[in-house]
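This report concerns only the one structure given below.
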Amino acid sequence: MPCLILPTLAVAHSVRAAAQTYGEDLMPAYGSQVVDLADSELQGYVEGLIADAREETARPLGHVPSTHLWWVDGHEFLGRVHIRHRLTPFLLESGGHLGYHVVPPWRRLGHATAMLGAALPIARAMAMDRLLITCDTTNVASQKVIEANGGVLEDERGGKLRYWVPTG
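Okay, here's the thing in structure tokens:
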């Protein structure tokens, strides 16, 4: 049964395999940053994702601390959730608190709805009462996922729908 976990070396091989097959479909942390890593480098990759949640971790300008969670079935990587700990002006307009992604062969099976639902109590435990989640106006699948998890549409800005989702 699929569940959300913190990144782990046991699943990192599957993340790399997904990147090698679907790299262009994945965000850089799950595509280009991992696709060519040797086995000996995967532990550092995992540690970097976990460290991204700490305030003191160095990160690119404009990036905020983020918790990375993997949606897995055993050691098989099915997708990921990325919870940003706070909003910057850019994230308030178009990025939001949370992003999610399902690896292509696992789409349209209910995984996105389930993993977003599983992420909400985690965000609540991080003292986040509600999350801003955005999606393209043309992404009907994401609209349905967000709404199935209690998302309330606030508005549309620059081709992005902005939803607020309660965490509790």
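Residue 3 is where the sequence shown starts when you use the numbering used here, and the numbers rise one by one after that. Built from N, CA and C at the ideal position, the CB exists for glycine as well. In this text, all values refer to a predicted model and were calculated from it rather than measured experimentally.
Residue environment for residue 41: exposed (fewer than 16 other C-beta atoms within 10 angstroms of its C-beta). Distance check between residue 96 and each of 20, 166, 12 places 166 closest, using alpha-carbon atoms only.
Relative to residue 131, the option among 139, 90, 140, 121 whose CA is nearest is 121. Taking the Cα positions, residue 153 is about 7 Å away from residue 168. Runs of the beta strand (DSSP E) lying entirely within the region 32-102 and spanning at least 3 residues, in chain order: 68-75, 78-86.
Here the alpha carbon of residue 19 sits roughly 35 Å from the alpha carbon of residue 91. In the three-state reduction of the DSSP assignment, residue 23 falls in the helix class. Under a 10 Å Cβ-count criterion, residue 64 is classified as exposed, with fewer than 16 other Cβ atoms of the shown protein chains found around its own Cβ.
Of the residues assessed, residue 77 falls on the exposed side of the cut-off, its CB having fewer than 16 other CB atoms within 10 angstroms.
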